[in-house]
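Taken in order, the sequence shown gives residues 45 to 500; the numbers are from the numbering used here.
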Amino acid sequence: MTHRSKVDIDIHRGYNRDDNVTSQGFTKYYISKGVNVFITIENRADLNNYRLIKHSLERGYSIDTIKNGEYLALFKPPPSKKTTVTVFYSISDITHENPLLVQFGEGYNGYYTTTDSTNWSKQNGINESNIKKTLEKLNCQKNQYHVIKISEGIGYSCPSCSTQPVLVSPGSSYYTHTVYGYIGELRDGDIEQRGVTLTGRISSVYVYWSKWETPKPLLINIQGSTWYQRTDLVSSKWTPVSQHIPRNFSDKTNILRILIGYYSPTVTIDIGDGKGLSESGSGTTYKDPGSQDNQETISLRRDDVKVDKKGTEYIGFTHFVSSKPAFIAREIKHNSNTLEDVKPNYPLDSVTAFYFGDEPSEEKKLLLVELKKFDKTYKYYERAKKDAPIWTELIRGGEENRQLYGPSLKEELEKLKKIAGYSTAGGLATAETVNFALDTGWSIFRRVTAIFTAAI
45 MTHRSKVDID IHRGYNRDDN VTSQGFTKYY ISKGVNVFIT IENRADLNNY RLIKHSLERG
105 YSIDTIKNGE YLALFKPPPS KKTTVTVFYS ISDITHENPL LVQFGEGYNG YYTTTDSTNW
165 SKQNGINESN IKKTLEKLNC QKNQYHVIKI SEGIGYSCPS CSTQPVLVSP GSSYYTHTVY
225 GYIGELRDGD IEQRGVTLTG RISSVYVYWS KWETPKPLLI NIQGSTWYQR TDLVSSKWTP
285 VSQHIPRNFS DKTNILRILI GYYSPTVTID IGDGKGLSES GSGTTYKDPG SQDNQETISL
345 RRDDVKVDKK GTEYIGFTHF VSSKPAFIAR EIKHNSNTLE DVKPNYPLDS VTAFYFGDEP
405 SEEKKLLLVE LKKFDKTYKY YERAKKDAPI WTELIRGGEE NRQLYGPSLK EELEKLKKIA
465 GYSTAGGLAT AETVNFALDT GWSIFRRVTA IFTAAI
């Protein structure tokens with residue numbers, strides 16, 4: 045077929061909000077010499093940080109000259125196939141200032157590169173296995189967009205160009221990666237990280253690590269604005285933080301909440317079973333009663349609250365997952381009865397149930413439930429009326445986050461015992477010493493958690 049007309053291609057066209065491009069549904073085009081030049085924007089999964097703009101003509105038309113905006117683009121040697129032109133841009137190059145690579149036709153052939161955006165030279169060695177590395181190197185050279193290795197804790201050079209140094213500065217709970225230039229890609233080891241928007245001129249990223257199990261980056265902040273978290277421990281995909289967004293770089297509570305959440309299994313806590321523990325300081329374990337598969341092991345410890353000359357009158361049973369820094373409570377129940385009003389939506393360090401007497405199977409003797417949160421703050425729930433099925437949060441006038449211990453714990457338990465209808469006289473055993481606080485020897489089992497949180 046004889047071509048009716050030759051049309052000029054402008055490889056600058058196709059950026060966002062390009063006034064010279066018309067959109068009709070899914071079709072985009074611009075006009076050259078009275079002819080429509082169609083634009084297809086491709087975002088390939090294997091080229092995550094690059095945008096491909098394909099220029100094509102209606103059947104019967106051919107490409108005459110190629111321009112880059114107002115300037116003529118010269119290709120040597122001239123391409124043999126000029127049916128389509130595909131231009132590769134960095135996704136951060138939002139106005140198409142620096143085209144990285146031009147391809148004529150389909151398949152891995154006909155690639156051209158340039159040093160000045162006007163004179164283009166053919167490159168025969170580009171293929172499917174190395175096109176990404178080629179683009180990364182060109183992006184470094186032409187745009188100063190470099191690769192950041194978020195798993196590094198000391199300074200290094202951009203792995204794409206091997207020349208641009210990246211400064212790594214350790215903070216109190218994070219590492220700051222700063223480059224002279226801009227960030228074009230994030231990697232964990234040799235694996236590209238996806239889902240993080242890097243458009244624009246970004247030169248620093250703040251990386252937060254978990255110290256639990258295998259240390260790795262789990263939370264990042266892009267230049268002081270947007271927060272991203274890894275979708276799971278083994279994924280290379282990241283998503284914007286949508287809940288509990290840290291207010292700043294040192295927002296310990298929300299940062300720790302996000303990090304510790306990766307290691308917090310969901311379990312059911314049964315505070316109605318003392319497992320036959322008969323002595324203060326004794327402990328045992330039980331399997332998560334709310335799960336059938338991969339059941340977590342829950343630790344249980346008895347700690348007596350002692351009262352002068354009255355012996356042990358109250359007993360605390362503490363439940364925690366000793367192999368993890370925290371856990372999520374699917375439900376907290378007393379045998380078959382769920383405490384519907386005690387439903388924490390945050391990771392817990394432990395749950396402690398305080399009883400009058402030494403038999404936790406009697407729900408009417410359950411006086412107080414303590415929730416120790418992941419950030420070492422506390423919440424308490426009580427029955428406001430005798431035999432009431434409703435549990436309410438204990439209001440303590442500005443002391444809500446502090447632990448009840450010593451005289452304050454005894455005073456609260458005495459008050460709740462009266463509400464429950466029991467006499468305050470008498471104890472369960474005799475004791476010569478005065479000790480108002482819970483024994484806390486069990487905390488030695490959680491030393492690793494303390495090490496973990498000390499880094500935050």
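Cβ atoms here follow ideal geometry from the backbone N, Cα and C, with glycine treated the same way.
Compute the Euclidean distance between the alpha carbons of Y252 and L263, then round it to the nearest angstrom. 5 Å
Going by DSSP in three states, T310 sits in which element: helix, strand or coil? strand
Grouping DSSP H, G and I as helix and E and B as strand, with all else coil, what is S76? strand
Pick helix, strand or coil for L321, following the three-state DSSP scheme. coil
Quick one: what does DSSP say Q68 is sitting in, helix, strand or coil? strand
Is G305 helix, strand or coil by DSSP? helix
Nearest to S165 (by Cα), restricted to the options E229, I107, Y156 and G149: Y156
Contact set for D314: own chain, Cβ-Cβ below 6 Å, skip 5 residues either direction: P333 and K377
Selected residue, minimal CA-CA separation from K408, among G113, I53, K429 and K296: K429
Hey, out of S173, S161 and E403, whose CA is closest to L91's CA? S173
So, at 6 Å on beta carbons, what are the nonlocal neighbours of K77 in its own chain, with the 5 sequence-adjacent residues on each side left out? V51
Hey, E340 and V365: beta-carbon distance below 7 Å or not? yes
From A117, I135, T128 and K111, pick the residue whose C-alpha is nearest to that of A89; which is it? I135
In or out: K186 buried (at least 16 other Cβ within 10 Å) or exposed? buried
Starting from the Cα of F70, find the closest Cα among G465, T84, G149 and N183 and give me that residue. T84
Classify E229: buried if its beta carbon has 16 or more other beta carbons within 10 angstroms, exposed otherwise. buried
Where N379 and L460 are concerned, what is the direct C-alpha to C-alpha distance, given to the nearest angstrom? 21 Å
Three or more C-beta pairs under 8 Å: does that hold for the segment 317-327 against the segment 284-302? no
In the structure shown, what three-state DSSP assignment does L453 receive? helix
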